[in-house]
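Data first, discussion second: the structure below is written as structure tokens.
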Amino acid sequence: MMDTITTSSTAVVALHGKGVAKGIAIGHAVIMGAALLEVKHHLIAPEDIDNECARLDHALQAVAEDLEYIKNNLPEDAPMELAPVLTVHSMLLADPMLASEIKEIIRTRRYNAEWALSTQGQILADQFGQMDDEYLRERASDVTQVIERVLSFLAGVKSFDLQNLPDHDEDDLPFIVVAHDISPADMLNLRAKHFAAFITDAGGPTSHTAIVARSMHVPAVVGMKNVRSLVRDREVLIVDGDAGLVIVNPSPLILAQYRQKQRQQETEREFLLLQKDEPAVTVDGVFIELEGNIELPEEAAEVLAMGATGIGLYRSEFLFMNRDSLPSEEEQYKAYSSVLKTMGEKAVTIRTLDIGSDKTLHDDATVAVNPALGLRAVRYCLAHPEMFLTQLRALLRASIHGRLRILIPMISHMHEVQEVKRYLTQAQNELMAEGYEISDKIELGAMVEIPAIAIAIEPFLKELDFVSIGTNDLIQYTLAVDRVDDEVVGLYDSVHPAVLRLIHNTIQAGDRAGKPVCVCGEMAGDTQYTKLLLGLGLKSFSMHPAHVPEVKQIVRQSHTNVLRTRVANTLNYGVAIDLDAVNAA
């Protein structure tokens, strides 16, 4: 969306997208080219077919070698996300189906190599883009980035050359990258040049641009549709990652206002980090657990650096995805042990494999009419007991290195809990017979993300040690709204009375049973919901580690009794929550 604000001297353009990394940046635009938009199209003579196929093979091999070199020579302080992403891109290049499909287009349609490559790339990107799973849908950007890199090689140019670009422009403004999308390999150059922010046409909260931007602690706004065509090179930009806003050609007054806001945010961030070791205790003396969500073992260190009290969600599926074979028991054991050792006495909640349907493993492709309601998460694991037992064995072996909590996703029936317990017992008996030591203090919990378990939570709490509310899926399933479908996204409502009643019911039941209840979905790290969740009685939050200091500050300024009264009054009447009124408490 674009707004135009007319001032006395100029027109200010305000562009809206998705803010995926918070903060404010002011700088000059650097337009990053997109090879796909400029590819040459022409038909080749029959006698040139073999030559075009050879050109394609040479380009694929050269780019694969380039990516391998980059991956093997990453600087020590490179973002931890880059290596696995580069591996994904290498795997795409190595897939024999990619080359064979492109060559088939060259032979049958007599397209030149670039045209055939871009044609097949668009087919693959469209296939990924139509998938129901958000993570896989955003992997369409991986396909596009790989294809663009090969196209750049065929054209004899680098995809993005920053070698001669200084860190700042002549007026000492930093640079802001404006792109259709950004490959992880190019991210190394961007990072080396200390770019102030990223804005892209494509992408979402789990895109690689978003992930790396957060790891670099720079603002990013993505999903802007056509920003690359609306912004000119060296134009002054303001990127507001908090509001998902990009201001083009700001007036002196707007520029001054944002400079002041930028300085204020930097001061506040420094202050929050100074307070990171302070306990998260409310004004009326209630201690609140603030934990971190991670996807890779290396991220455990950031959880500690941000002053979190533990890891509330370690998404183990990232060990399984984007590879040719399943991780062995030993590989999983080392990964889980690494996190537990890093965290010491702090609790580590490891979620078992949350995968299935169109989020496939190795060659185990499945087809489902509605993947979100199909054979996924615990259903998938129970249908593949050998794989599940391997993960449970690795978890149990790692348990001696720290305080382990095992979290089971997508539970909806009691027999699923009982089946998981049976497999845990089997794994434990096998390991003890083999001479392994296992902790006797492992806790077992379940995700509350299906309305059924939230409504009938009491019997589940008798069988479990804790539960974690996954608000992302709980909202989606409660309201029957796909949160990433542009046509219905307006109906996705985190504070719908039905959603809040389910959260409240779960927390209250947990209190009565003496069992901890955590929220580990996006609401936990969004400060506009912190007081609301406290008012619902929540005492345990888990979020991206970078959000912990800001949430902690709000917790330390809150009075839970006042908040509970205010929220309860609204819940009793079943009307929409007034967040402004709650946050004013």
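Going by full-length UniProt numbering, 459 is the number at position 459 of the sequence shown; the sequence numbering is gapless.
Every residue, glycine too, gets a C-beta built ideally from N, C-alpha and C.
For the segment 365-437, the continuous alpha helix (DSSP H) assignments of 4+ residues that do not extend past its boundaries occur at 378-383, 385-398, 414-433, in sequence order.
Within the segment 309-342, the runs of beta strand (DSSP E) at least 3 residues long that lie entirely inside it are, in chain order, 310-315.
Note on geometry: alpha-carbon atoms of residue 553 and residue 464 lie some 31 Å from one another.
Contact check between the segment 502-510 and the segment 260-275: fewer than three CB pairs, one atom from each, fall below 8 Å, which does not count as touching. Per DSSP, residue 51 lies in no beta strand (DSSP E) segment; the continuous alpha helix (DSSP H) that holds it begins and ends at 49-72. Boundaries around residue 348 are those of the beta strand (DSSP E), 347-351, since no alpha helix (DSSP H) includes it. Excluding the 5 residues flanking it on each side, residue 299 has no same chain C-beta neighbour closer than 6 Å.
Membership of residue 195 in any alpha helix (DSSP H) is not indicated, and neither H nor E is assigned to it by DSSP. In the three-state reduction of the DSSP assignment, residue 282 falls in the coil class. Nearest C-alpha to residue 405 among 228, 345, 123, 545: 345. For the 9 Å CB-CB criterion, residue 222 and residue 20 form a contact. Using a C-beta cut-off of 8 Å, the segment 544-563 makes contact with the segment 514-534, since at least three inter-stretch Cβ pairs fall below that distance. Out of 396, 567, 245, 115, the CA that lies nearest to the CA of residue 425 is found in 396. The residues 327, 331, 332, 335, in chain order, have a CB closer than 8 Å to that of residue 319 in the same chain once the five nearest residues on each side in sequence are set aside.
Boundaries cannot be given for residue 287, as no alpha helix (DSSP H) includes it and DSSP labels it neither H nor E. In the three-state reduction of the DSSP assignment, residue 495 falls in the coil class, being assigned neither a helical nor a strand state. In the DSSP assignment, residue 22 falls outside any beta strand (DSSP E), carrying neither H nor E.
In this structure, the beta-carbon distance from residue 389 to residue 351 does not fall below 9 Å.
Assigned with DSSP and collapsed to three states, residue 31 falls in strand. For residue 443, the enclosing beta strand (DSSP E) begins and ends at 443-448.
Across the structure, residue 49 and residue 127 are spaced so that their CA atoms are roughly 27 Å apart.
Here residue 94 really is in contact with residue 64; their C-beta atoms are around 7 Å apart, less than 8 Å. Under DSSP, residue 292 shares a beta bridge with 311, 543. Residue pairing by DSSP places residue 355 opposite no residue, since no beta bridge is assigned to it. Ranking 153, 551, 240, 293 by CA distance to the CA of residue 196 puts 240 first. Classified as buried, residue 179 has 16 or more neighbouring CB atoms from the shown chains inside 10 Å of its CB. In the assembly as shown, residue 287 is an exposed residue. Its beta-carbon has fewer than 16 other beta-carbons within 10 Å. Residue 220 carries a strand assignment under DSSP once its states are collapsed to helix, strand and coil. By the neighbour-count criterion, in which 16 or more other beta carbons inside 10 Å mark a residue as buried, residue 392 falls on the buried side. Beta-bridge pairing by DSSP links residue 175 to 28. Counting other Cβ atoms within 10 Å of its Cβ, residue 42 stays below 16 and is therefore classed as exposed. In this structure residue 265 is not in contact with residue 537, their Cβ atoms being roughly 31 Å apart against a cut-off of 8 Å. Between the alpha carbons of residue 329 and residue 442 lies a distance of about 19 Å. The three-state reading of DSSP puts residue 555 in helix, counting H, G and I together.
Relative to the Cα of residue 156, the nearest Cα in the group 199, 111, 56 belongs to 56. One thing to note: residue 450 has its Cβ within 9 Å of the Cβ of residue 473.
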